[in-house]
Amino acid sequence: MRILIACDAFKDSLSAEAANQAIALGWQRARPHDELVLLPMADGGEGSLAVLLSDGQGQAQHCTVEGPLGQPRQAQWGLWPDGLAVIELAEASGIQHIASNERNALTSSSFGTGQLINAALQASARALLITLGGSACNDGGAGILQALGARLLNKHGQPLKRGGAALTQLATLDLTPLPAALKTIPIAIACDVDNPLCGPHGASAVFGPQKGASPAEVAELDSALNHFADVLAQACGRDLRTQPGAGAAGGAAFALLSIAPQATLQAGLSLIAERRQLPEQLQHCDLLITGEGRLDGQSLGGKTPVALARLAQQHGIPCIALCGSLSAEPAQLAAQGITAAFSLCHAPMDLATAIANGAALLSQQAENVARLLTLRETLSP
């Protein structure tokens, strides 16, 4: 049999690549003669760049950037022979770089992401793919604009400080210093949310609390982003604050769409699956194995395992899902293309233990599933 293994990361436990390798290890113990194809997956969040670089064609590029709170950090982006540059916002401006007790939605900035974009443009990238998941920021993408050369000034003609709260003082926005390439090259923005920039379903209200904002700070940030949208709309001639997805990554999507006419929002998983040639791989396999840390009712909305299962279903390929915790009903999963799903936990254990032993548990369950498949073949007439 030819088995396609396509897993996303198991949060706080295993990277996508490590999860795929753990499954392969267990499977090979039971069925050493099967052909295994490993295709790590991501949905546009943290780890997306590593997944794309695993194709062996792209080259990681390294540079020093500002972290979300201004601290210098090493970050990477990817460059492919066809001229595509991949920028992962989480590399520079990700919430994983800030301890939970240090999160500050008022001052965190996307400046470092703008530095990565600038590095890619200076390297003559012919297209950009920007993944927005995992942001620590709520600055409407203002930091990105600042890093790319835009002049954001207060009423005294002084540059604004970093962060979303400072946008209340924005009086002048000069976009003329922005790189000309932003108006001509194609830019795909990986985005899996439909939130507008402002309002009760906007960036501040929905995602601000995750980034450390209190209710009062959420209101302050929402007002600041509304003001920023007024000024940016006047500067670029279009107002995109209500566009679905504009609120992604604290409004970074809004800024990018506003300054780059060629920019489009696209589903992160679809972008990455296409780049990794997942549809072509499915045409030549007998079984898909996927998984993630939790498979529940939310997953049915289209998270990685379900989205991949739906794609496999279109090709008539059965799908097995392995997950840390399993609460979705079998019938619900079957309707989405997941033939069967299995939890990794074979005995009572706390979350910390499960996370620490993720690789061993995943490998063991993969071996069990493989042996079950062998039994089925043995029993077949």
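Counting from 1, position 137 in the sequence shown corresponds to residue 137 in the UniProt record's numbering; the numbering is continuous, with no gaps. Note that CB positions come from ideal geometry on N, CA and C, so glycine has one too.
What is the C-beta distance between residue i and residue j, in whole angstroms, given that I count them as a contact (C-beta under 8 angstroms)?
i	j	result
Lys-211	Ala-105	4 angstroms
Leu-225	Gly-251	6 angstroms
Ser-135	Ala-9	Contact doesn't hold; Cβ gap of about 17 angstroms is too wide.
Ile-5	Leu-39	7 angstroms
Leu-116	Trp-77	5 angstroms
Ala-165	Leu-221	7 angstroms
Glu-91	Leu-49	6 angstroms
Thr-113	Ile-144	5 angstroms
Leu-167	His-227	6 angstroms
What three-state label does DSSP hand residue i in the structure shown?
i	result
Ser-110	coil
Leu-52	helix
Cys-323	strand
Ala-188	strand
Glu-17	helix
Leu-148	coil
Asp-43	coil
Cys-63	strand
Arg-266	According to the sequence displayed, residue 266 carries Gln and not Arg. In this structure, Gln-266 counts as strand in the three-state DSSP scheme.
Gln-74	strand
Leu-291	The sequence given here places Gly at residue 291; Leu does not occur at that position. Strand, per DSSP.
Does the distance from the CB of residue i to the CB of residue j come in under 8 angstroms?
i	j	result
Ala-216	Ser-204	no
Leu-344	Leu-333	no
Ala-246	Ala-253	yes
Ala-229	Arg-241	yes
Ile-272	Ile-23	no
Gln-146	Leu-152	yes
Lys-183	Ala-260	yes
Ile-130	Ala-60	no
Gln-57	Pro-32	no
Leu-300	Gln-243	no
Ala-75	Gly-47	no
Ala-255	Ala-142	yes
Ile-338	Ala-356	no
Cys-137	Ser-100	no
Asp-79	Ile-98	The sequence given here has Leu at residue 79, not Asp. It is not a contact, given that the beta carbons lie outside the stated cut-off.
Asn-118	Leu-148	yes
Leu-269	Asp-43	yes
Ala-30	Ala-360	no
Using the C-alpha atoms, what's the distance from residue j back to residue i?
i	j	result
Gly-67	Gly-358	29 angstroms
Gln-262	Ile-320	38 angstroms
Pro-305	Asn-368	20 angstroms
Arg-73	Ser-93	10 angstroms
Gln-277	Ala-219	43 angstroms
Pro-177	Cys-198	27 angstroms
Leu-140	Leu-36	Looking at the sequence itself, residue 140 is Gly, so the reference to Leu does not match. The alpha-carbon atoms of Gly-140 and Leu-36 are separated by roughly 43 angstroms.
Ser-108	Gln-158	19 angstroms
Asp-350	Val-193	31 angstroms
Met-41	Ile-3	15 angstroms
Glu-88	Glu-377	44 angstroms
Ala-267	Gly-45	11 angstroms
Ser-223	Gln-365	50 angstroms
Leu-121	Pro-179	8 angstroms
Gly-316	Gly-291	19 angstroms
Gln-169	Ala-354	48 angstroms
Ala-19	Cys-7	7 angstroms
Ser-327	Arg-294	8 angstroms
Pro-186	Gly-133	20 angstroms
Ala-352	Pro-200	35 angstroms
His-281	Thr-264	Checking the displayed sequence, the identity of residue 281 turns out to be Gln instead of His. Straight-line Cα distance between these residues: approximately 26 angstroms.
Leu-379	Cys-63	57 angstroms
Pro-209	Phe-342	33 angstroms
Ala-340	Ala-123	46 angstroms
Ser-13	Asp-55	22 angstroms
Does any residue of chain C have a CB that is nearer than 8 angstroms to the CB of residue i?
i	result
Ser-54	Looking at the structure shown, chain C is missing, and only one protein chain is on hand.
Examine the ligand SAH and report whether any of its heavy atoms sits within less than 7 angstroms of the Cβ of residue i.
i	result
Pro-330	Absent from the structure shown: the ligand SAH. Ligands present: none.
Problem - 3 or more residues per run - each beta strand (DSSP E) lying fully within the stretch 311-358 - result: With a minimum length of 3 residues, the continuous beta strand (DSSP E) runs that stay inside the stretch 311-358 are 319-326, 340-343.
Exercise for the section: Run through the stretch 89-134 for me and flag every whole alpha helix (DSSP H) of 4 or more residues, listed as ranges in chain order. Expected result: Runs of the alpha helix (DSSP H) lying entirely within the stretch 89-134 and spanning at least 4 residues, in chain order: 89-93, 111-122.
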